[in-house]
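In UniProt numbering, the protein residues as written are 1 to 571.
Laid out in structure tokens, this is it:
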């Protein structure tokens with residue numbers, strides 16, 4: 001380089017950076033680290049004093065010319081990462097089928113990180129070894145994956161998807177590409193089927209039930225035109241790719257059936273639990289509302305329900321199908337309570353019987369959950385509709401207190417929209433029912449990894465509308481009149497205490513005009529901190545919460561498929 005150019009760059013302020021110290025003793029990323037780096041949401045709130053994971057620390061000393069040394073040194077993250085910025089893509093020189101914007105690169109990192117994280121014990125993840133290479137050859141499928149992943153990131157970060165330009169663009173490109181493909185000779189190939197599957201999942205998580213219906217019906221017609229996916233009747237002779245496609249389509253069949261409230265068409269060799277349950281509860285028939293005097297069979301069922309439940313069924317508009325469902329939920333609650341000792345500790349069964357009992361219990365709860373979804377879509381009675389929401393929320397908690405994943409977000413959002421402004425009933429029975437429903441829904445909302453926006457409004461409205469809900473002694477008596485277990489009751493009490501804290505704070509704020517939240521929020525778990533007025537922005541969602549919220553969704557879909565009684569290798 002000519003001396004004049006060198007001098008000109010010095011005059012422009014370029015600085016030499018000399019790395020003074022570096023820690024080679026720290027463990028370097030080896031075979032155990034894998035080929036992947038963890039994806040972190042943009043603006044995840046890392047403090048400046050907290051270095052990113054996977055970076056070594058350096059202390060630099062900048063020199064602004066000959067003999068001029070800066071007076072301060074500071075630790076900064078190493079620019080040498082474990083892998084380059086596109087390290088989660090197997091080949092750093094891979095050519096993407098669409099424009100590789102920063103959003104696309106970040107979403108690719110997300111996709112691989114989630115897939116890698118959900119199957120750590122499996123040596124080869126089919127989403128990475130099969131789906132990703134296939135999608136790189138089909139731009140429309142790749143667009144649908146980017147749109148689905150982008151929506152997952154936004155929703156798990158509690159940001160509206162429809163306000164994001166990148167999401168709207170990729171979703172629109174995927175729909176446009178699919179419409180073109182459906183008019184071609186390859187309208188039912190694997191790429192088209194998987195694109196519809198991705199878009200159907202996308203419409204579900206953003207809460208567009210009409211879109212789910214449309215894609216579900218379209219997928220069924222495409223499969224009819226396509227015919228058998230495999231050319232052999234022996235599942236052991238099928239390729240890994242065919243097995244992967246069939247499993248994905250089976251999951252989507254279950255999702256479509258769940259959203260539409262209909263049992264899926266199952267072959268004779270599959271058990272078909274949901275179809276049998278719908279027939280047993282009478283959900284395959286129009287809802288019927290009994291009139292007094294009730295027949296002896298209904299009276300027998302009502303006599304076995306908790307007192308407040310039987311009073312509600314006798315004095316309100318409750319269908320026969322709902323009464324049958326209540327009997328099964330009562331049996332499931334009794335079974336769950338019998339596994340809990342008086343001190344609240346769970347009595348674990350022996351190793352020989354624990355696995356069958358757990359699987360049977362999971363299938364029972366998932367079956368009741370799908371049946372309640374069917375009831376919610378078919379009932380026209382207001383009190384029955386609200387009560388069904390409370391029962392759905394109760395089944396979430398009866399199954400356990402694990403954090404609810406992204407798969408359940410549409411249902412939780414619907415709870416908030418339905419219950420936060422419900423009409424105050426006139427009869428004591430319906431009032432107590434809505435109190436129980438509000439507490440049950442608030443308990444389910446508290447299981448989310450991070451608080452959903454406006455989730456606090458459910459309990460806010462209940463405490464404002466019902467004076468009985470403001471004292472725990474009175475509230476507990478009401479709750480015990482419906483479905484109740486000791487573990488769920490303890491969870492509900494914690495949720496109620498947080499809601500009362502919020503209510504008292506708001507009342508005090510109205511009187512004083514201002515107050516500080518710092519002392520009240522100290523020591524609270526991030527997942528259950530109440531969203532106080534004007535303080536929503538102070539509650540940050542860490543990357544681990546976002547990853548955990550998304551990673552549980554595939555498991556939830558798989559559990560639903562098991563409850564449907566579908567076998568991917570027999571469909």
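Backbone N, C-alpha and C fix where the C-beta goes; we use that ideal spot for every residue, glycine too.
Where residue i falls, given that 16 or more other Cβ within 10 Å makes a residue buried
i: residue 319; result: buried
i: residue 426; result: exposed
i: residue 305; result: buried
i: residue 162; result: exposed
i: residue 75; result: For residue 75, the predicted model reports a pLDDT of 46, less than 50, meaning its position is unreliable; a value from the coordinates is still stated below. Residue 75 comes out exposed.
i: residue 244; result: buried
i: residue 210; result: exposed
i: residue 248; result: buried
i: residue 106; result: buried
i: residue 331; result: exposed
i: residue 390; result: buried
i: residue 429; result: buried
i: residue 490; result: exposed
i: residue 133; result: exposed
i: residue 443; result: buried
i: residue 176; result: exposed
i: residue 197; result: buried
i: residue 510; result: exposed
i: residue 508; result: exposed
i: residue 292; result: exposed
i: residue 237; result: exposed
i: residue 165; result: exposed
i: residue 150; result: buried
i: residue 160; result: exposed
i: residue 299; result: exposed
i: residue 186; result: exposed
Residues that residue i bridges to, as DSSP identifies them
i: residue 404; result: 448
First through last residue of the alpha helix (DSSP H) which encompasses residue i
i: residue 190; result: 190-205
i: residue 385; result: 382-399
i: residue 487; result: 486-512
i: residue 95; result: It is not in any alpha helix (DSSP H) - residue 95 carries neither H nor E in the DSSP assignment.
i: residue 137; result: Where residue 137 is concerned, there is no enclosing alpha helix (DSSP H), given that its DSSP letter is neither H nor E.
i: residue 250; result: 240-260
i: residue 214; result: 209-226
i: residue 174; result: 165-182
i: residue 291; result: Where residue 291 is concerned, there is no enclosing alpha helix (DSSP H), given that its DSSP letter is neither H nor E.
i: residue 572; result: Lying before the first or after the last residue shown, residue 572 is absent from the chain, which here runs from 1 to 571.
i: residue 312; result: 307-315
i: residue 162; result: Counting along the chain, residue 162 falls outside any alpha helix (DSSP H), and DSSP gives it neither H nor E.
i: residue 459; result: 457-465
i: residue 479; result: 472-480
Given residue i as reference, the closest of the options once Cα atoms are compared
i: residue 174; options: 222, 406, 140; result: 140
i: residue 194; options: 252, 452, 262; result: 252
i: residue 366; options: 212, 275, 381; result: 275
i: residue 295; options: 379, 309, 323, 278; result: 323
i: residue 454; options: 484, 409, 167, 361; result: 409
i: residue 423; options: 466, 445, 398, 481; result: 466
i: residue 384; options: 288, 459, 457, 475; result: 288
i: residue 457; options: 449, 481, 420; result: 420
i: residue 285; options: 242, 225, 371, 309; result: 371
i: residue 396; options: 434, 361, 257, 215; result: 361
i: residue 447; options: 478, 126, 400; result: 400
i: residue 387; options: 334, 213, 326; result: 326
i: residue 506; options: 192, 471, 460; result: 460
i: residue 436; options: 405, 298, 374, 462; result: 462
i: residue 216; options: 228, 226, 203; result: 203
i: residue 290; options: 368, 183, 303, 316; result: 316
i: residue 398; options: 499, 213, 329; result: 329
i: residue 496; options: 482, 441, 483, 485; result: 441
i: residue 468; options: 501, 434, 484, 487; result: 434
i: residue 102; options: 201, 492, 135, 146; result: 146
i: residue 138; options: 156, 189, 380; result: 189
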